[in-house]
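In my numbering, the protein residues as written are 58 to 231. Read through the structure below, which is laid out as structure tokens, and then see the notes.
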Amino acid sequence: MPDLKSIPDDTKWQLAAKLAALLPALYESAYRGVVGEKYDEIEQEIWMGLSHMVSTIVRDLSLPTRTTSEIAESIRIVLTIWFGPDYKSETLEVSKDGTVVLIRRCPFLDTSHSFVVGGSGTFQKCMALILTTVPLLNKNYSARFVRTMCTGDRQCEIKIYEVKKALTDEAKKK
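Structure, rendered in structure tokens:
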């Protein structure tokens, strides 16, 4: 008789990741029409709440968060755990000004497109998660989205940067 131990860990991870990617689309499909315009606001709070889970996982796994590249890589690792091996990304250290996370394949977006026309709220979910997570991991850093697949770009680019340095650089330009 089969039992849980007879199922390979990779198979269990793949199935759990598919479920994690599917749930937001199912909730949106079921509740958006009932809740109306408040849905986006409520959902944003949920994704901001999930950022605390990212922070907890980073701490529990003792992942580093001192530099932009460490923060980027730690977030990338957690998102790969959540969304599984079909989540394809890499971290690029672009300069002293910051680090970029490139996302080339996002099962969350793929699933969203299947259930919600155009993956309508995908960017807002991701933005709420990332922009809340980065300062939770290290208050001296923030993030900005340079490109996003859910708005038509071929890949996502999220730049993680030091807030103090960005403010200093902006002041110098004026």
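Backbone N, C-alpha and C define an ideal beta-carbon position, used for all residues, glycine too. Being a predicted model, the structure only gives us computed values, none of them experimental.
Around the beta carbon of G209, fewer than 16 other beta carbons sit within 10 angstroms, so the residue counts as exposed. Taking a cut-off of 8 Å on C-beta distances, the region 212-221 touches the region 143-162, as three or more cross pairs fall below it.
Apart from sequence neighbours up to five positions away, the residues of its chain that approach F140 with a beta-carbon distance below 8 Å are A74, A77, A78, C163, P164, F165, ordered along the chain. Residue state for S86 is assigned as helix, using DSSP reduced to three classes. If you draw a straight line from the Cα of D167 to the Cα of I134, it comes to about 19 Å. Nearest neighbour of E147 by Cα position, chosen from W104, Q71, E130, L193, turns out to be E130.
Apart from the 5 residues on each side of it in sequence, V191 sits with its Cβ closer than 7 Å to the Cβ of I128, Y198, S199, A200, I217 in its chain, given in chain order.
When DSSP states are grouped into helix, strand and coil, E102 belongs to the helix group. Under the DSSP assignment, I187 falls outside any beta strand (DSSP E), being part of the alpha helix (DSSP H) whose first and last residues are 179-194. Between Q181 and the set I132, D154, E100, Y88, the nearest pair of CA atoms involves E100. Within the region 133-172, the runs of alpha helix (DSSP H) that reach at least 4 residues and sit entirely inside it are, in chain order, 164-172. Annotation for K216: the continuous beta strand (DSSP E) segment containing it runs 213-219.
The three-state secondary structure of S131, taken from DSSP, is helix. According to the DSSP secondary-structure assignment, R201 is paired through a beta bridge with K216. Excluding five sequence positions before and after L120, the CB atoms of its chain that fall closer than 6 Å to its own CB belong to S131, given in chain order. In the three-state reduction of the DSSP assignment, R116 falls in the helix class.
Within the same chain, Cβ atoms closer than 7 Å to the Cβ of Q212 are found at L159, I160, R161, R204, M206, the five residues on either side in sequence being excluded.
With 16 or more other CB atoms across the displayed protein chains lying within 10 angstroms of its CB, P81 is buried.
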